[in-house]
Amino acid sequence: MPFIMCYTNLTKDKLPDEFAKWISELVSEVLTKPMEKITTTVSTDIDMMRMGSSGPTMMVQIHSIGVFDAERNPGYTEKFIKAIHEKLEVPPNRVVLQYLPVDKVMVGNVP
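Residue numbers (this note's numbering): 81 to 191.
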């Protein structure tokens, strides 16, 4: 935990090499979660629409235990959107984040 799912209409060749590693490290740093607990999926070249346009877009879902709330989420959003915009040149208003709190009893894996 956390689980990161990135969806974008950018083609894979428009993402930097090791983008999954980069976004995993970003989430690790921002949420103070260990890298060895993070699982990341990146889906590219998806048919996406945002704000009535099919321009460059990214949606990031982050599932995690014990870090999301009304006080902390705005700070996370600012850091994530700034970093994604700088890395991919996707306009900030075309980056969407969804924070999904998870109870630890709802996650199963072998440590």
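Beta carbons: idealized from backbone N, C-alpha and C, even for Gly. A quick note: this is a predicted structure, and the numbers were derived from the prediction, not measured.
Taken in chain order, the complete beta strand (DSSP E) segments of 3 or more residues contained in the region 99 to 134 are 119 to 123.
By DSSP's assignment, I84 forms a beta bridge with T120, I142.
By the Cβ-count criterion, T88 is buried, with 16 or more other Cβ atoms from all chains shown falling within 10 Å of its own Cβ. Relative to the Cα of F99, the nearest Cα in the group K167, D183, L177, V185 belongs to K167.
With a 10 Å radius around the Cβ and a threshold of 16 neighbouring Cβ atoms, R152 comes out exposed.
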